[in-house]
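Step one of this worksheet: look at the structure below.
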Amino acid sequence: MAWSTRQLAELAGTTVKAVRHYHRIGLLEEPERASNGYKRYGVTHLIRLVQIKRLSELGVPLAQIAEMERADEEPDEAIRVLDAELAATIERLTRIRAELAVILRHRAPLGVPPGFETIARDFSSTQRSLLTAYSTVFSAEDMTEFREMVAAREDVEDEFDRLPADAGDAVIERLAERLVPVVHRSRTEHPRFADLSGYSAQTISTMAHAVAELYNPAQIRVLQRVNELLGGETG
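So, in structure tokens, the structure goes:
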């Protein structure tokens, strides 16, 4: 009994394209050819093709199938490895689905760090950008406390976010004076961010660059004035 490539593929429940691909990567041996030049596949090719298809359906990457030649005789280790990989994949997908559910429930912007979905919807684009930048250098503990800090927002902070770049000196001074008690209270309640000396140079540099690039000149002047009014406190 000899089959053509198409017949072999149909028997194994796969495609001619797949058979040819398995030949190219060395998973399936090339058969002998008939006098007319056509390939002649036998039962051993069919068995091998079905094995490849089965392993592929179980989630084994094609690159690893060649290493599992003895899977039928000693399958335990290969199966344990595959099972562990699948368990990790299921855990990751379950976590992603849970995060997506939170994002959908709160209609949160995509890309916000985990844990901020419930409050990020009300953030301005600048706030979300700062949050994303900080998340690259903050620890999990930092992000938890940072969430507590930004969750308790006041109207004056929203005014600061809306401050135009061409705001005059009087507007900047009044806004800075109104922000002083807010910033002072925030530093008192969240001392982790009141003194940056415990952070790495990279963390401080990232935070400084984010503020410099995302806030407009008037907003930066407000921050500088707030710091002056607080007596040059670090933060």
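According to this note's numbering, the stretch in the sequence shown is residues 3 to 237, in order.
Positions of the beta carbon are idealized from the N, C-alpha and C atoms, including for glycine.
Treat the numbers as computed from the prediction; the structure is a model and nothing was measured.
The distance from the Cβ of residue 132 to that of residue 30 is about 55 Å, inconsistent with a contact at the 8 Å cut-off. The beta carbon of residue 109 sits closer than 8 Å to the beta carbons of 123 from its chain, once the five residues preceding and following it are set aside; these are given in chain order. In this model, residue 171 and residue 126 are separated by some 24 Å (Cα to Cα). Here residue 201 carries a coil assignment [DSSP, helix/strand/coil]. Take the alpha-carbon of residue 229 and the one of residue 210: they are about 14 Å apart. Across the structure, residue 28 and residue 207 are spaced so that their CA atoms are roughly 51 Å apart. According to the DSSP secondary-structure assignment, residue 43 is paired through a beta bridge with 5. Taking C-beta atoms under 8 Å as the contact rule, residue 221 and residue 162 qualify, at a distance of about 6 Å.
Considering only 4, 152, 63, 112, the residue with the shortest C-alpha distance to residue 80 is 63.
Your pair residue 184 and residue 156 checks out as a contact, with CB atoms roughly 6 Å apart and the cut at 8 Å. Counting every other CB atom within 10 Å of its CB across the protein chains shown gives residue 91 a total below 16, marking it as exposed. With at least 16 other beta carbons inside 10 angstroms of its own, residue 119 counts as buried. Nearest to residue 181 by alpha-carbon distance, out of 194, 223, 34, is 223. In the DSSP annotation of this structure, residue 38 is not part of any alpha helix (DSSP H), being labelled neither H nor E. One alpha carbon belongs to residue 232, the other to residue 101, and they sit about 40 Å apart. Excluding five sequence positions before and after residue 88, the CB atoms of its chain that fall closer than 7 Å to its own CB belong to 61, given in chain order. Residue 205 and residue 136 have their C-alpha atoms some 8 Å from each other.
Assigned with DSSP and collapsed to three states, residue 140 falls in coil, not helix or strand.
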